[in-house]
Each structure stands twice: as C-alpha cells, then as structure tokens.
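For the protein sequence lines, the chains are V and B, in the order given. One rule links them: number in the numbering used here = place in the first sequence (from 1) + 432. One rule links them: number in the numbering used here = place in the second sequence (from 1) + 432. Backbone N, C-alpha and C fix where the C-beta goes; we use that ideal spot for every residue, glycine too. Here the structure comes first, spelled out in structure tokens, and everything after it is commentary.
There are 2 protein chains.
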Amino acid sequence: MKANKLERKMKISKEDILSAHERIKPYIHRTPVMTNQSINQMTGIQFYFKCENFQKIGAFKIRGGMNATLTLSAEQLKNGIATHSSGNHAQALAYAAKTLGIKAYIVMPKSSPQVKVDAVKGYGATVIICEANQAAREDALNKVVAETGAEFIHPYDDYRVITGQATCVKELLEEVPELDVVITPVGGGGLLSGTCLGAFYFKPGLKVYGGEPEGAADAVLSLQSGKVEKAPFIETIADGLLTTLSEQTLGIIKEHISDILLVSENEIINALRLVYERMKIIVEPSCVVPLAAAMRNANLFKGKKVGIILSGGNVDLTKFGTWFPAK
Amino acid sequence: MKANKLERKMKISKEDILSAHERIKPYIHRTPVMTNQSINQMTGIQFYFKCENFQKIGAFKIRGGMNATLTLSAEQLKNGIATHSSGNHAQALAYAAKTLGIKAYIVMPKSSPQVKVDAVKGYGATVIICEANQAAREDALNKVVAETGAEFIHPYDDYRVITGQATCVKELLEEVPELDVVITPVGGGGLLSGTCLGAFYFKPGLKVYGGEPEGAADAVLSLQSGKVEKAPFIETIADGLLTTLSEQTLGIIKEHISDILLVSENEIINALRLVYERMKIIVEPSCVVPLAAAMRNANLFKGKKVGIILSGGNVDLTKFGTWFPAK
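Laid out in structure tokens, this is it:
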C-alpha cells in the first residue's frame, strides 16, 4: 500500500507518538542501548539491544500503561484505572496509579505467582483474585468497573497503549539512526504493532520482524490467514507471549511486518544463556525470542544492523535452576 | 600519618595511577555507574554501583592485568606473560596477551571449572593444568617461567597490578565527585589497596571500607594483628575472595582503610537476590559482599553517598539453582 494512502487510513498518527513520548518522558527511564562484541562476532550480525529490562517496573509495559493513564481526563482519573493481567501490565498500571495518586484495580488469576501479586500490592493497587480462565477474568473486571467507575485499560488491544509502546523504537532510532532491522517478541502484539508504527513514521525503510515461540505460534498463523487465530498448542518458557493478537494489533502488524519468525524452546534457552553469560544482564525468556530468531535466520541478517527490544527483566529467580540445570 | 609524610613513603604515586589510566584506556570499557531507587529507598543509603561486571573479560581484573603487561619492555613482551590463577586474572592476562599478540601461559589447578579453562583457551593462551594446591601451582609456574622466559604477573601482589586496579575508583569519582564512602570486596586485596590509593590521591576525605565474608575472614584478622593472617575457616559462595592478603596489599590497606566489615552467607545471598531482582544485572556473589556489608551496617552509611564496586559478572549459570532453590 502506498504510504500516503496508508497514512490517511491509520488511526495513530506520527503526532500521536510524538505527544505520547513527551507525555510519558518524565515518568520513564531513557533505557540504554547495549552492544556486545562476542555476540556480534559469533553471529556476524551487529546487534543493538534496547534494554527495557532496565525500564521502570522492569519492562516496556510502563510506556503504554502510563500513556493511556495520562490521556484520561481529571473526571475519569478520579475513579481510577482497572485491568486484568498476571504480568507486567498489572505492574505498569499499579505504578502509574501510584505515581499519579489515583486508584488501580487489578484482576489477577489465582495462578499468578505470589511475587507478582506482592509487587502489584506493593504499589498500593487493589488486587482482585479470580479463577484462572478468560471468562472469570472478564467477569471480575466488568464487576469492578461497574462498581467503581474505573477506566479499563487493556494490555494491548488499545490504541493509547500501542502508541505508548511505539516510543521504544523511536528512542532506539534516535540512538542508532542507521539501523536496518528491528525485531520484537510478539504476544498480544502491543509492542510489535507499536514498533511497526514507529518504524513507519520515523524510519520508513526499517524492516520490522516479530519473534514467536513455536510453543505459542498464534501470530504466525494469524498473519497467514489474515484473522486472529489461536496457537495450535501452548508450551513455552516465554510466558509473556502466551496471548493471541487482537483485531487492532493484527490490523497494524499485517500492513507493516516483514515476517514473523518461529523459534524452538532450545533456541530460546541458548539465547538466554548467551545474554546472561556475555551481556551480564537479566532478561525474561520472552525477551530473547527475537535474538534466537535472528540467530536461526542468520542468512537474513548477516552484516546488518539489527535492533532487538529486550522487553523486560522480571523473572522468578527460583526458575533459574530449571533453565540452567546442574550437569 | 600526615599526608605529605605518607606520600613520600608510598611506592605508587598519583602520577603512576594517571599514567596507568591513560595506558589502559584504549583496551578497557569505561563501565557505567548505575543507581537503583528501590534499593536506596529500602536502605536509606544512596548507592552508586560501578559496574565492572560489564568490563572487558567481565571483571575489573583486566585493569591490573593490562597495566602490568603494557609496562613490559619489547624484550620482555617477546617471551610472553605467565601466571597461576583459576579465576578472572587468568582471563585478564589471556585477553591482554591476545590483544597485544604475545604469548600467555596460565597455570590452572585441575579443580578449575571447565568453562573457565575453555574461556582462557578461547583467548589463545597456553593452559598448564596442575594439582589443586599452592605448592603445585608455584612449581608449575616456576617451571614454565624458567622454560619460556615469560614475565610472571601475580594476581595482586604486584604494584603494577594494584596501580591498574586504582583506576576504577578514579573513574567512579569522575562520575560521582560528591561520594562519601566507597566499599570494595576483599580477597587478595588488589582492588581494595588500589581503591585506597585512588581515594587518597583523588579524594582524600573519601572513606574506604572492605567487605569480607565471615567464611573467608583473613583480612579482618590481618588488619587487627598488622600481619598477613589466614582465615580460620573457608566456607563461602563468594569464591573470588578466598585468597589471603599479601605484604604489599596489607601495607597499603592498613594505612588507609576505615574498616573491614564481615557478612554472613545469608546476607550475601540476600544482596545477590536484590541486585538480580531490582537491578536486573548479573554479578558474581563476591561482588555483592560490599552491598551486604553496607546493609548490615546501615547505621554507618545512612543518608550517605556510597560507591560500591561491582567487581565482576563471571558466574556459572548452573549454580543459580543452589543459590535460589525452588521452594
């Protein structure tokens, strides 16, 4: 599709992303971009890692959560914000609410790790525990919204959130304008669709790829069929990437994406080991899916400057023993 | 002792450290200084972490190893360099030799983890495996030095090495001139004695502390008696801190140090968890001994600006399971 036609059609403009960035800047970190000589030598690819594991709340999700919250009117803010999430979006809204002195209601499935529940409570949010299925989560959320008048902010199926996530690749391009490619993990597609828009507006030639686990392969199927599909099976340590795309995220992604690349569990563990051993930073398994994808498809990226968004670093340390078992 | 009298007595001058820094700069990273709001809030101390885990070879040891190597004459360089070490000093010399295109001979006890032997060999050094005791290490080293004419560079009992390590606190003070205190781990005392000298020359009012595990408590005893003592027992996960001080390092340390503070194994694990979970970086257990010491002695440091040298990040990932066992 021609750029000018596409631009008219798009619901998020360049100005939206620029204002979102100005809006959230006082509340987020400008995360560093790291490089690593050993990984470059090993792969023949020049990687630039945007370290969102060092972001506030330990993940990029604060960008979207904070942007959505800051666009609410004083009237809306009065009643607080709400979501259902067992992951980083829960912490993002809890942190945003604490920062702005408003209320947050977070519905969490009872399967959520205690450490995540504690983190959300630690920011002063009200946690509502529900059964661990989609219907129970939505019921509990609808109930709390009805009772409190809080504003629901979806983890990714929300243009305000997608616009916030788009600021990440904008920063990366400000540091590395000569980038050829950017790869992000894909779960619900908030980061990937935001990155697609950021690339489109701030460096039109930039190729965007998504990395997805074979054990949660919904996005690759959705891209093929053109509509939101479920994964044939779910089995991956990349536990941030289990959700399906939404109409809104798929709509943006299919206009802009070069491809979605699958990786195996072994490839994820190997990439995780590489980042831990060589870069000395802690990232979530979901984060290294793009690195694993680049290494598996080295022919596509050899000699190129490839940006990787390391999306977060909130790990349960007691899982290390299963990821890297003693021999 | 008055400063001017002390300066006359000292074998390492301010100019030595300044030249060492210029000498090694092209070969090392200027490592970042990180801060962490949660750890500051939790402790009431303002911490500045000098991240030598991001240094070349993953540890500060490259500073001393590179400085010592670069001060050799062309005649000496021709025959290469040698040491005995199972740890980061081995990698430092191997890397220095590779960078300068000379030979390195590294005597390693047969108890060394294969991953460390492989890393040293990966830099092209010749590895000589010996029995795991001090006499065998020295015998093997003497033999290789006699055969090759290589220059022996001790891991810490060497003024050229100590001078190199002093550049780390110099960089930290350049970034945070208002620092009140600096704390380093203490094993053989190379980093601590270098830090003492750096403080003395570049910020005379800066207090210097050492952090030492209760399970390797030789430095605290040596400071009391004034001569090099052995630890009453060795049992600690801080495996970079098992060696005793030397005459040279103790000599410098006892002139300058405020105190050496002991920490328990539990305190080390807790500090390690804090750095992994909050700062999202990988450091060796030895590194967090200073943080653990500051937290145990919060009364000494409350409200102060405290520099912590995070000395390295070379960990065996398969040990994570024993440090952070599943509940």
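C-beta contact flag for residue i and residue j at 8 Å
i       : j       : result
E563(V) : K530(V) : no
V576(B) : V539(B) : yes
I689(B) : E583(B) : no
R728(B) : E697(B) : no
T595(B) : A452(B) : yes
T463(V) : E484(V) : yes
H521(B) : G497(B) : yes
K639(V) : V608(V) : no
Y527(B) : I585(B) : no
G619(V) : L653(V) : no
L605(B) : T616(B) : no
P722(B) : G643(B) : yes
F756(V) : F756(B) : no
A649(V) : S718(V) : no
Y641(V) : L749(B) : no
N499(B) : I456(B) : yes
K659(V) : T676(V) : no
K734(B) : I534(B) : no
T501(V) : L532(V) : yes
I449(V) : T599(V) : yes
A631(V) : V601(V) : yes
V552(B) : Q508(B) : no
P645(V) : V715(V) : no
L655(V) : K686(V) : yes
For residue i, three-class secondary structure by DSSP
i       : result
V608(V) : coil
M442(B) : coil
H516(V) : strand
K530(B) : helix
K488(V) : helix
I456(V) : helix
M433(V) : Here M433(V) scores only 47 on pLDDT, less than 50, and its place in the model is too uncertain to base an answer on.
A522(B) : helix
A572(V) : helix
A582(B) : coil
I471(V) : helix
Y588(V) : coil
T754(V) : helix
I449(B) : helix
A536(V) : strand
K602(V) : helix
K510(B) : helix
K759(B) : coil
Buried/exposed call for residue i, threshold 16 Cβ in 10 Å
i       : result
F634(B) : buried
H461(B) : exposed
G519(V) : buried
M474(V) : exposed
D550(V) : exposed
K443(V) : exposed
A506(B) : exposed
Y603(V) : Per the sequence presented here, residue 603(V) reads as Glu, with Tyr not at that position. Classification for E603(V): buried.
Q487(V) : buried
K712(B) : buried
V547(V) : exposed
S544(B) : buried
S445(B) : exposed
M433(V) : With a pLDDT of only 47 at M433(V), under the threshold of 50, the placement of this residue in the model should not be trusted, and no figure is reported.
T467(B) : exposed
F479(V) : buried
P587(V) : buried
Q597(V) : buried
Beta-carbon separation (whole angstroms), residue i vs residue j, contact threshold 8 Å
i       : j       : result
G739(B) : L611(B) : 5 Å
F761(V) : G744(V) : This structure cannot speak to residue 761(V), because chain V is shown only from 433 to 759.
G622(V) : T580(V) : That pair is no contact at about 24 Å.
A651(B) : I692(B) : 5 Å
I560(V) : Y537(V) : 6 Å
A724(V) : A703(V) : 4 Å
S678(B) : D589(B) : 4 Å
H516(V) : A557(V) : Between A557(V) and H516(V) the Cβ distance is about 12 Å, and since that is not below 8 Å, they are no contact.
F665(V) : G647(V) : 7 Å
Beta carbon proximity, residue i to chain A, threshold 8 Å
i       : result
F479(V) : The chain labelled as chain A is not found among the protein chains of the depicted structure, namely V and B.
Threshold first: 4 residues or longer. Then list the alpha helix (DSSP H) segments lying entirely within the region 677-751 of chain V, N to C.
DSSP runs (the alpha helix (DSSP H)) wholly in the region 677-751 of chain V: 679-688, 697-706, 721-728, 730-733.
Just to confirm the assignment: which complete alpha helix (DSSP H) runs, minimum length 4, are found wholly within the region 541-566 of chain B?
Note on the region 541-566 of chain B: whole alpha helix (DSSP H) runs with a minimum of 4 residues are 546-554, in chain order.
Threshold first: 4 residues or longer. Then list the alpha helix (DSSP H) segments lying entirely within the region 610-662 of chain B, N to C.
The qualifying runs are 622-634, 650-657.
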